[in-house]
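> Protein sequence lines correspond, in order, to chains A and B. So in our numbering, the last one in the first sequence is 350, and the numbering has no gaps at all. So in our numbering, the last one in the second sequence is 700, and the numbering has no gaps at all.
Number of protein chains: 2
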Amino acid sequence: MNDSNGSAAAPAASVTQLPTPYLLFLGDATEAGYAKTAFGLRDWAPERCIGEWGCDTATVTTGLPRLTPKQALVRGARGLVIGIANTGGVIGASWVPLLVEAVEAGLDIVSGLHVKLASVPQLKAAAERCGRRLIDVRTPPPNIPCGTGEKRSGKRLLTVGTDCALGKKYTALAIARAFKSRGLAADFRATGQTGILISGSGMPMDAVVSDFEAGAAELLSPAAAPGHWDVIEGQGSLFHPAYAAVSMGLLHGSQPDVIVVCHQPGRQSVMGHPDFPLPSLAETIDLNLRIGRRTNPAIRCGGISLNTAHLEPAAARELMAQESARLGIPAADPMRGGAEFERLIDSCLA
Amino acid sequence: MNDSNGSAAAPAASVTQLPTPYLLFLGDATEAGYAKTAFGLRDWAPERCIGEWGCDTATVTTGLPRLTPKQALVRGARGLVIGIANTGGVIGASWVPLLVEAVEAGLDIVSGLHVKLASVPQLKAAAERCGRRLIDVRTPPPNIPCGTGEKRSGKRLLTVGTDCALGKKYTALAIARAFKSRGLAADFRATGQTGILISGSGMPMDAVVSDFEAGAAELLSPAAAPGHWDVIEGQGSLFHPAYAAVSMGLLHGSQPDVIVVCHQPGRQSVMGHPDFPLPSLAETIDLNLRIGRRTNPAIRCGGISLNTAHLEPAAARELMAQESARLGIPAADPMRGGAEFERLIDSCLA
């Protein structure tokens, strides 16, 4: 176990901070499915997106004005975000001259792809020549300290789940929005690449070295005013055979006052692990509270977030009512909103 | 969450394998306290240590023959292990010419220090020139896969604990020795730098990226013959505010059939975290079994390992008897051996 991963002379760590607003880059996309990141940014961070740009062959559009990097810079853009993902998560050869043009115009480049931006020699050279940054949001910041477990001021909510990929990010975004709409000071705290692009900052928790996982979560939601809420995007699941270490460090380091448990009704087993049955909601609540109590004895469950995208509205409402009655806490689908979601927000703030 | 941290073309991952036997390097040590690594290797891996070497000013000795790198090579040595740690874990300037001499003689250099060997320019150049390896045992191997959760053949025992630094490594070493002395096929599986140096291979679990923590543990104890035991060195504690992510991934990935819970009687709070009371033994057993059941439903607790180094023999024996009666399982101090330890081994093998 390490005392620190930096030397005494190392600068203090901070979360990744992205250059905003963005120009969204669509590459050569001709199918909307490949431009999911761009659409997510348009929908969840419209205030950070001032335009789109791409190869002449691109046919996908977000509906934002098409701007060259120079035009975007004049309108305030500071970063070009790669808004597409192709198979393999690599940088297309046809994109490179355009990315170099953006760097030369004065924009930093931001990417959530697997491949590192600096692995493209022309791009690396252009960034060095122009003094611009190439930012891979999957790369954690340097010098993350170990966790301290010390209590921090302010309030925290963490979305947890019965599995990966069932709505922890969108639940946290929706709750942060709802808190703000009620006049509360609240920040969405991103822990994965898409969330980090949306919020303009965050911590890629799954890429942090295990010894520093709790410390990274502490860094992500620092001490704040007593009435302020950090609404933290959860990762993985304590029951996941591959990723529970991420969930554990995030839970300990976040010290949540409230958890909201996310679930997709009908999912029977862990995604990609058919031999692992999904834990029940009651079991998921219980284990998260038991472990979370270690760093915040006052932790409680605010309610359940159900991803009901596959259900008809009436069936979804009936299921929410059933689950809420069965577990004795609010159950809502944040994407559907409505009275159920308002009750979930009431419960989180109670 | 990642599918893999390597591309399709990346070579398969394997645990760190060290060049053995060793020549132990004592640097310029004049106090035995700084040579703990060398003494640990002499005591726990005598078959891997063929001699010692150091600056002319060194006064500490392990009692092994003093050999130059050339002499050691002739006698079979393949690696020089830095057996000392100074304040800050750095490489002393006076060591550098001797390390270069070892490289030129044909030895690889092995270090468990914080600083990387290749950060010393003369050493890096010598290694490149001579085609020798500079091995930092704190650096994980590349291309560790994500965990699969798939059941592996063979039997596994994991030492867990109420805290860090209370005997998980020595308990695992002693149990592996006892298994072998009973004629069983058994391997000690190291998870920290000292253990890796002792066993000549292993996985530095605290330095692995969180997303791959369980996968690293799976790699460390691969499928084996049905009667074979892997005795795995535990790390941290599920109750540790900084390091629980390491313990979580190690527990899930190890899929232990048996856990042995390590504790230091009298320790009241987590080391370095006085505000965190130590969990009880019963609580530690219960949470480890609950979480471990996820990847091995047959997991059970074999007994308790008590670090009684600070007690008189009679007091230690009385405490073991009390704790064993209270918890209904064997309690022993592996460093003291005796009938208590034999009962603990019986219970692990039951």
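Glycine included, each C-beta is placed from N, C-alpha and C at the ideal position.
Out of A:R267, A:I304, A:A321, A:S221, which has the shortest C-alpha to C-alpha gap to A282 (chain A)?
Here the closest residue by C-alpha is A:I304.
> Under 8 angstroms, with one C-beta from each stretch per pair, do the segment 46 to 59 of chain A and the segment 70 to 80 of chain A reach the 3-pair mark?
Yes, since at least three Cβ pairs between the segment 46 to 59 of chain A and the segment 70 to 80 of chain A fall closer than 8 angstroms, the two stretches touch.
> Count the C-beta pairs between the segment 148 to 160 of chain A and the segment 220 to 228 of chain A that are closer than 8 angstroms, then say yes if the count reaches three, no if not.
Flag = yes, the segment 148 to 160 of chain A and the segment 220 to 228 of chain A touch.
> How would you label D353 (chain B), buried or exposed, when you count the other beta carbons within 10 angstroms and need 16 or more for buried?
Annotation note: pLDDT 48 at D353 (chain B) (below 50); position unreliable, coordinate value reported separately. The residue in question, D353 (chain B), is exposed, as its Cβ has fewer than 16 Cβ neighbours within 10 Å.
> From B:C405, B:N657, B:R482, pick the residue whose C-alpha is nearest to that of L374 (chain B); which is it?
Looking at the Cα atoms, B:C405 is the closest of the given residues.
> Spatial neighbours of P291 (chain A) within its chain, please: CB distance less than 8 angstroms, with the 5 preceding and 5 following residues excluded, ordered by chain position.
The question names Pro, yet the displayed sequence has Ile at residue 291 (chain A). So the list reads L238, M248, L251, H252, once near-sequence residues are dropped.
> Quick check: the segment 476 to 489 of chain B against the segment 444 to 461 of chain B, are there 3 or more CB pairs under 8 angstroms?
Short answer: they touch.
> Looking at C301 (chain A) and I175 (chain A), is the spacing between their C-beta atoms short of 8 angstroms?
Their beta carbons are not under 8 angstroms apart, which means I175 (chain A) does not touch C301 (chain A) by this criterion.
> With DSSP as the reference, please indicate the residues paired to E402 (chain B) in a beta bridge.
Answer is B:L374, B:R416, bridged to E402 (chain B).
> Using alpha carbons as the reference points, say which of A:S14, A:V246, A:E342, A:N143 lies closest to V160 (chain A).
For the residues A:S14, A:V246, A:E342, A:N143, the minimum Cα distance to V160 (chain A) belongs to A:V246.
> Looking only at its own chain, which residues have a Cβ that is under 6 angstroms from the Cβ of T308 (chain A), when we skip the five neighbours before and after it?
Excluding residues within five positions, the ones whose Cβ falls inside 6 angstroms are A316, D333.
> From the DSSP secondary-structure annotation, give me the bridge partner or partners of Q17 (chain A).
Q17 (chain A) is bridged to A:S201.
> Using CA coordinates, which residue listed in B:I609, B:E662, B:A664 is at the minimum distance from L637 (chain B)?
For L637 (chain B), the nearest C-alpha among the options comes from B:I609.
> For T194 (chain A), collect the residues of the same chain with a Cβ closer than 7 angstroms to its Cβ; drop the 5 residues on either side in sequence, then sort them by chain order.
T37, G40, G112, K169.
> What residue range is occupied by the uninterrupted alpha helix (DSSP H) comprising D211 (chain A)?
Run containing D211 (chain A): none; DSSP gives neither H nor E here.
> By the DSSP assignment, the alpha helix (DSSP H) with W44 (chain A) in it spans what residues?
Element bounds for W44 (chain A): 36 to 44.
> Only counting runs of 4 or more residues, tell me where the alpha helix (DSSP H) segments fall wholly within the segment 606 to 681 of chain B, in order along the chain.
Listed in chain order, the complete alpha helix (DSSP H) runs (minimum 4 residues) inside the segment 606 to 681 of chain B are 631 to 642, 663 to 677.
> Short of 7 angstroms Cβ to Cβ, which residues in the segment 597 to 610 of chain B face chain A?
Hits within the stretch, in order: M598, G599, H602.
> What does V208 (chain A) touch in chain B if you count any residue whose Cβ is under 8 angstroms from its own?
Going along chain B in sequence order, the residues near V208 (chain A) (Cβ under 8 angstroms) are V559, S560.
> Report the neighbours of E583 (chain B) on chain A: residues whose CB is nearer than 7 angstroms to its CB, in chain order.
What E583 (chain B) touches in chain A: nothing, since even the nearest Cβ is about 13 angstroms away.
> Pairs of beta-carbons, one from the segment 377 to 385 of chain B and one from the segment 556 to 563 of chain B, closer than 8 angstroms: are there three or more?
These segments do not touch.
> Rounded to whole angstroms, how far is the Cβ of I582 (chain B) from the Cβ of T541 (chain B), which I believe are closer than 8 angstroms?
The pair is a contact, with the Cβ atoms about 7 angstroms apart (cut-off 8 angstroms).
> Would you report the Cα separation of Y34 (chain A) and R66 (chain A), rounded to the nearest angstrom?
Each residue's alpha carbon lies about 18 angstroms from the other.
> Within 10 angstroms of its Cβ, does Q472 (chain B) collect 16 or more other Cβ (buried), or is it exposed?
It is exposed - the Cβ of Q472 (chain B) has fewer than 16 other Cβ atoms within 10 Å.
> Are H240 (chain A) and V261 (chain A) close, meaning C-beta to C-beta below 8 angstroms?
No; because the gap between Cβ atoms is not below 8 angstroms, this pair is not in contact.
> Of the residues that make up the segment 638 to 652 of chain B, which ones have a beta carbon closer than 9 angstroms to any beta carbon in chain A?
Cβ contacts with chain A: R640, I641, R644, T645.
> Give me the Cα-Cα distance between K530 (chain B) and V365 (chain B), rounded to the nearest whole angstrom.
Going by the C-alpha atoms only, they are around 22 angstroms apart.
> Which of the three DSSP states, helix, strand or coil, is assigned to G442 (chain B)?
It is coil, neither helix nor strand.
> Along chain A, which residues have their Cβ under 9 angstroms away from the Cβ of L555 (chain B)?
One point to set straight first is that residue 555 (chain B) is Met, not Leu, in the sequence displayed. Chain A residues near M555 (chain B): S210, D211.
> In chain A, which residues lie with their C-beta within 7 angstroms of the C-beta of A388 (chain B)?
Those within 7 angstroms of A388 (chain B) in chain A number zero; the least Cβ separation is about 21 angstroms.
> Starting from the Cα of H273 (chain A), find the closest Cα among A:C164, A:T148, A:D43, A:L306 and give me that residue.
Nearest option by C-alpha distance: A:C164.
> Closest Cβ-Cβ distance between S149 (chain A) and chain B: below 8 angstroms?
Residue 149 (chain A) is actually Gly in this sequence, not Ser. Chain B, which has a Cβ nearer than 8 angstroms to the Cβ of G149 (chain A), makes this yes.
> What residues in its chain sit with their C-beta under 6 angstroms from that of L80 (chain A), if we drop five residues either side in the sequence?
Counting only Cβ-Cβ distances below 6 angstroms, and skipping sequence neighbours, we find L23, F25, A102, L107, I109.
> Using alpha carbons as the reference points, say which of B:L523, B:G499, B:M685, B:A689 lies closest to P606 (chain B).
The candidate whose alpha carbon is nearest that of P606 (chain B) is B:G499.
> Buried or exposed: H263 (chain A), going by 16 or more other Cβ atoms within 10 Å of its Cβ?
Classification of H263 (chain A): buried, given that the 10 Å Cβ count is 16 or more.
> Note down, in chain order, every chain B residue with its Cβ under 8 angstroms from the Cβ of Y34 (chain A).
Going along chain B, no residue has its Cβ under 8 angstroms from Y34 (chain A), so there is no contact; the nearest lies around 18 angstroms.
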